[in-house]
Amino acid sequence: MSKSFTTKILLFLALLYNSFLFYVFLDLKRYKTLLYKNRNIFGNKTVDELINSSHIETFRKKELQNILNQNKTLLVDLILFWTLMLINLLFYNDHTRNIIVKQSKKYLKRIIDLCCVENDEKSAVLIFYTNLMILANLLYFTPFLSFWKNVLLYFCYVNLLILNQKYIYSFDITKIRKRMYFLFTLTIFLVSEVFHTVTIHYVYKDKKGKIPAFLHGEPLELATKHFDIENIYFNNQNGINMCSSYKLFTNILIVLGNWASFTKKEITSVVAHEIGHGGIVLKYFSSFVYCVIKVFSLYIYSLGIKLCSKRFGSKSKKIRFFFFYSNIYFLYLFCNLFTNIVKQSMEYFADNQVSTIFPQNELSKALFKMYILDDPIFYMQRFYSCFKKNHPSFYHRILEHEKNRIL
Numbered sequence: 004m005s006k007s008f009t010t011k012i013l014l015f016l017a018l019l020y021n022s023f024l025f026y027v028f029l030d031l032k033r034y035k036t037l038l039y040k041n042r043n044i045f046g047n048k049t050v051d052e053l054i055n056s057s058h059i060e061t062f063r064k065k066e067l068q069n070i071l072n073q074n075k076t077l078l079v080d081l082i083l084f085w086t087l088m089l090i091n092l093l094f095y096n097d098h099t100r101n102i103i104v105k106q107s108k109k110y111l112k113r114i115i116d117l118c119c120v121e122n123d124e125k126s127a128v129l130i131f132y133t134n135l136m137i138l139a140n141l142l143y144f145t146p147f148l149s150f151w152k153n154v155l156l157y158f159c160y161v162n163l164l165i166l167n168q169k170y171i172y173s174f175d176i177t178k179i180r181k182r183m184y185f186l187f188t189l190t191i192f193l194v195s196e197v198f199h200t201v202t203i204h205y206v207y208k209d210k211k212g213k214i215p216a217f218l219h220g221e222p223l224e225l226a227t228k229h230f231d232i233e234n235i236y237f238n239n240q241n242g243i244n245m246c247s248s249y250k251l252f253t254n255i256l257i258v259l260g261n262w263a264s265f266t267k268k269e270i271t272s273v274v275a276h277e278i279g280h281g282g283i284v285l286k287y288f289s290s291f292v293y294c295v296i297k298v299f300s301l302y303i304y305s306l307g308i309k310l311c312s313k314r315f316g317s318k319s320k321k322i323r324f325f326f327f328y329s330n331i332y333f334l335y336l337f338c339n340l341f342t343n344i345v346k347q348s349m350e351y352f353a354d355n356q357v358s359t360i361f362p363q364n365e366l367s368k369a370l371f372k373m374y375i376l377d378d379p380i381f382y383m384q385r386f387y388s389c390f391k392k393n394h395p396s397f398y399h400r401i402l403e404h405e406k407n408r409i410l
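Using my numbering, the letters of the sequence shown map in sequence onto residues 4 to 410.
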C-alpha cells in the first residue's frame, strides 16, 4: 500500500469520524433548544405525556446535565482521536520519525540503551515508544484499577512481551488458517463462559430464591412461568435494574434494587421484557456472536496495520508492533460499535416481545420511571449511542415500543 494512498485513507476516515462527532454536537444543541419549550418537547404524544405527567423541571434539569456530560465526552473523543492521529502521522512519515529517533537517542539515551538488547538503536526507540503506548492503554482502559496496580500489570505484561518477542514479531493473525479462527473464537467463548458462570455463582450465591414483597402477585406469576422460583435472585442494592441471565444450563432472573414505587403492571412489563430475551440457546448464541465480532474486529484491525506497515520493508515488524499498540483505541471503537449494534438490536427485540407476552403492558411508563429514579440519560443520538452504550437510550426504546404496539 503506497504512502500517499494510506495517508488519503487515514485523512478520509478522520474527516468522516469528525464530521459525525460534529453532527452529534449539533444534535445536542438542537435538543438543548427543545428542552426550553414548555410542552411537547419531542413532538411525540406518548413521550411528551410521560414527561408532562412527571415534574417537567426535574426532567429538564437532568437532561441539561446529560447534554453537558455528552459534550464533555465529545471533547475527550476529539482530543484522543487527534492525539492518536498525530502520533500515527509522526511515526508514519520518514522525516518526522527520524527526528523523533534522533532526539530520543539524545535525551533518553540510558532508557533507549535498555531496549537495545538484540535490537539496533532505531528499533530500540520504537520499542520504547511501544511500551509507553501499552502503559497509556492500560491506564485508559482500566480506570477501576489504582495507578500502582496498573504499573504492576504493565511491567508483568511488558516482561512477557520481552521474553516472547521473537515469537510475537513473527506472529501474524492474518495468516492463520480459517479453521484456527473458529478454534480461537471457541476458546475465547469457553473462557468467557466459565468466567461468567463463576462470577454469577459467587456474586449471587446468597441471593437465590429470595422473593421481595413488590414482586408478589402478577409479576411473580409471570416470572415463575419462565424461571423456576429458586432461579430468581434478588439483591437490595442502590439503584434499580432487572436482567435475565444464565448459569450453565439454567435460565435465571436477577432483580436489583427496590421496585416498590412501581405499579404491578410496570414491574410485570419489565419481567416480560426479560423473558423476551429468550432462553438458554439464544443467550449462548448471542454470547458466541459477541466473541465472533471481537475476533473479526481483531482480524480487520491487524490486516489494516499490516497493510499500512508493508512499505517499511525489513523494519515492518517493529513498526507494525508499534502501530498495533498505538491504535488500540480504534480497535476498541470498531469492536464496541458492532457489538453494541447487536446488543441494542436484542434490546429492541425483547421490547417488541413484551406486547405478545403481556398485552396489557405499561413498559413505556416503566422505562420512563427507571430513568427518573436511576438513569442519567434519557436521550442520546441513536448511532452515537452504539459507540457508548449496550442499551439504546430510553427515548428510542419508548419510541420503538409504541410504534410496534400500533402496528
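Ideal Cβ positions, reconstructed from N, Cα and C, are used throughout, including at glycine.
Checking the sheet assignment: what are the DSSP bridge partners for residue i?
| i | result |
| --- | --- |
| F237 | V258 |
| C389 | Bridge partners of C389: none, in fact. |
| N244 | L259 |
| K125 | Looking at the DSSP assignment, K125 forms no beta bridge with any residue, so it has no partner. |
| M249 | The sequence given here places Tyr at residue 249; Met does not occur at that position. In DSSP, Y249 forms a bridge with N254. |
| K211 | Y236 |
Suppose contacts are defined by Cβ-Cβ distances below 8 Å. Is residue i in contact with residue j by that definition?
| i | j | result |
| --- | --- | --- |
| L87 | S305 | no |
| P215 | I270 | no |
| C389 | N343 | yes |
| Q347 | N393 | yes |
| S272 | F187 | no |
| F397 | D378 | yes |
| K268 | Q384 | no |
| G260 | N239 | yes |
| S367 | L53 | yes |
| F28 | L77 | yes |
| L334 | V50 | no |
Work out the CA separation of residue j and residue i for me, nearest whole Å.
| i | j | result |
| --- | --- | --- |
| K11 | Y132 | 25 Å |
| Y332 | L93 | 18 Å |
| A353 | I296 | 21 Å |
| F192 | K286 | 12 Å |
| N244 | F324 | 42 Å |
| F381 | H399 | 9 Å |
| L148 | K48 | 45 Å |
| I235 | V274 | 11 Å |
| K321 | T99 | 17 Å |
| A369 | S247 | 17 Å |
| K213 | M373 | 22 Å |
| L301 | L142 | 21 Å |
| F8 | M136 | 26 Å |
Check whether the Cβ of residue i sits closer than 7 Å to any heavy atom of the ligand FAD, and report yes or no.
| i | result |
| --- | --- |
| N72 | With respect to small molecules bound, the structure shown includes none, and the ligand FAD cannot be examined in it. |
Nearest to residue i by CA position, among the options, is which residue?
| i | options | result |
| --- | --- | --- |
| K210 | A263, V197, Y95, L256 | L256 |
| S290 | M349, I303, F23 | M349 |
| A263 | K250, L218, F150, Q240 | L218 |
| A127 | I137, M136, S107, L138 | S107 |
| Y39 | N261, L19, K65 | K65 |
| S2 | A226, T76, F299, F327 | Since the first residue of the chain shown is 4 and the last is 410, residue 2 is not available in this structure. |
| I130 | K35, I103, T253 | I103 |
| H404 | I203, F371, L13 | F371 |
| V79 | K35, N21, R180 | N21 |
Report yes or no: is there a C-beta of chain B within less than 8 Å of the C-beta of residue i?
| i | result |
| --- | --- |
| K125 | Absent from the structure: chain B. Only one protein chain is present. |
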